[in-house]
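Each residue of the sequence shown is one higher than the one before, counting from 97 in the numbering used here. The beta-carbon is built from N, C-alpha and C at its ideal position, and this holds for glycine as well.
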Amino acid sequence: MQQISEILLFNDNAKKMLGALLANGRVPHAVLLEGPEKCGKTVCAKQVAARILCEGENRPCGSCISCKKAAQNSHPDIITVEKEAGKQQFSVELVRTMRDDAYIMPNESRYKVFIVRNAHEMNANAQNALLKILEEPPQHCVFILTAVSRTRLLPTIMSRVVTVGLSHPSPQECLEVLPQLVPNKSQDDYLRAAQISAGSLEMAVQMLEDGQRLEAWSRAQEIVETAVMKSEYELLTLFTALEKDREFMLEVLADVKQVLAWLLLCKKGCSVSDKKYAELAAKITALQVVKFVDIIEWAQSLARQNVSASVVLSSVCAKLKNAAQIS
Ligand SMILES: [Zn+2]
């Protein structure tokens, strides 16, 4: 992500509100970005953080050291706090560690910005600890909270933040903005990312930054195409290539389901599509797509039970070809 730009905020009201909050170098102490999962709240929070810390004139300028570090996720004064992977809840210890850190002066900027992701995952204890910080925030601190719904936060927290609502961009808007967020990718890659993420900006950006995700998606597309239009032997060849790496195989299987979901959308005339999908969608019935999904889910459950990958993949291959022939 090189250039962080205001274009991210599709919601006009959110854009105006954040613009006003940050006008003339003003810095709010606590903002809540509220919106559905993966609508771009974190991307937006990072943009706001970059704007607050920017040392240029037209903020965020995108070219000062601070903006560059922010874009590379390496700014020491932008700190992301979130629930640890695998944990049920956002623990109170994490909030206390953040509080201790908040009292230490910024490393190199005038402010320290804490991005508190998915604050709604905090239990009451953690929220109370957060409240204590928000009640008397150190002057040099800014807290940007994200949450799927304000109703899951304590009213006392809500009274201390300015809430800005965000919504999902359409897949078309997503496609338009991706080249600015993650430059130097092919149009094909942007299209794939917009397709797989179905309007989730955050997911699309992650995909473009992670080559393996695009690779998995591209394999998944190939599998569906081959299952519909080519021979069982060709399909088996594609599957055999997945045998060695079980994690990657699971990733590809999950993407096959997404590709199938996309095909269903295409059959209904979705706008962000390409010729290949339209051709493919014409050759398969909606019922067959649903059967394919069932087969893939069956394969996923076997693969998770550690059944040998070659056994899973060869039977899935036969089942898919069978389903493709019976209409
Ligand atoms: Zn800057």
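The region 328-343 and the region 370-388 do not touch, with fewer than three beta-carbon pairs separated by less than 8 Å. Using a cutoff of 7 Å, the CB of Arg206 does not count as near ligand 1, since none of the ligand's heavy atoms is closer than that. Fully contained in the region 202-256 are the following beta strand (DSSP E) runs of length 3 or more, in chain order: 208-212 and 237-243. Taking non-hydrogen atoms of ligand 1 into account, the C-beta of Gly121 is found less than 7 Å away from none of them. Taking every protein chain shown into account, the CB of Lys137 has 16 or more other CB atoms within 10 angstroms, so this residue is buried. The straight-line gap separating the alpha-carbon atoms of Leu149 and Asp285 is approximately 31 Å.
The beta carbons of Val209 and Ile240 sit about 6 Å from each other, so the pair counts as a contact at 8 Å. Taking the C-beta atoms as reference points, Ala414 is found no nearer than 8 Å to Leu346.
No Cβ-Cβ contact shorter than 8 Å links Leu250 with Ala126. In the structure shown, the three-state DSSP call for Leu383 is helix.
Rounded to the nearest whole angstrom, the C-alpha separation of Val144 and Leu334 is 44 Å. The beta-carbon separation of Gln291 and Trp358, rounded to 6 Å, stays under the 8 Å limit for a contact.
Runs of the alpha helix (DSSP H) lying entirely within the region 105-162, each at least 4 residues long, are 108-117 and 137-149 in chain order. As the crow flies, the alpha-carbon of Lys387 is around 20 Å from that of Val407. Note on Ala110: 16 or more other CB atoms within 10 angstroms of its CB, so buried under the neighbour-count rule.
DSSP links Gly261 through a beta bridge to Glu130. Remark: the shortest separation between the CB of Cys413 and any heavy atom of ligand 1 does not fall under 7 Å. At the C-beta level, Val352 and Ala420 stay beyond 8 Å of one another. Inclusion of Ser162 in the 7 Å shell around ligand 1 follows from its C-beta lying nearer than that to a non-hydrogen atom of the ligand. When the beta-carbon positions are compared, Val244 and Pro124 stay at least 8 Å from each other. Spatial neighbours of Pro275 in its own chain (CB-CB distance under 8 Å, excluding positions within 5 residues in sequence) are listed in chain order as Lys281 and Tyr286. Counted as a single uninterrupted DSSP element, the beta strand (DSSP E) harbouring Val177 occupies residues Ile174 to Val177. Boundaries for Lys340: no alpha helix (DSSP H) harbours it, and the DSSP string shows neither H nor E there. Asp197 and Glu343 have their C-alpha atoms roughly 36 Å apart.
Per DSSP, Ile200 is not a residue of any alpha helix (DSSP H), being assigned neither H nor E. Residue environment: Val403 is assigned as exposed (fewer than 16 neighbouring CB atoms within 10 Å of its CB, all protein chains considered). Burial check for Lys134: the Cβ neighbour count within 10 Å reaches 16 or more, so the residue is buried. If you check the C-beta of Glu189 against ligand 1, you find no heavy atom less than 7 Å away. Taking 7 Å as the cut-off, the C-beta of Ser159 counts as close to a heavy atom of ligand 1. For Pro172, the shortest separation between its Cβ and any heavy atom of ligand 1 does not lie below 7 Å. For Asp284, the uninterrupted alpha helix (DSSP H) segment begins and ends at Gln283 to Ser293.
Scanning Val348, Cys160, Gln168 and Val389 for the CA closest to the CA of Lys142 turns up Gln168. Looking at the DSSP output, Phe186 shares a beta bridge with Met218. Excluding five sequence positions before and after Asn221, the CB atoms of its chain that fall closer than 6 Å to its own CB belong to Val188, given in chain order.
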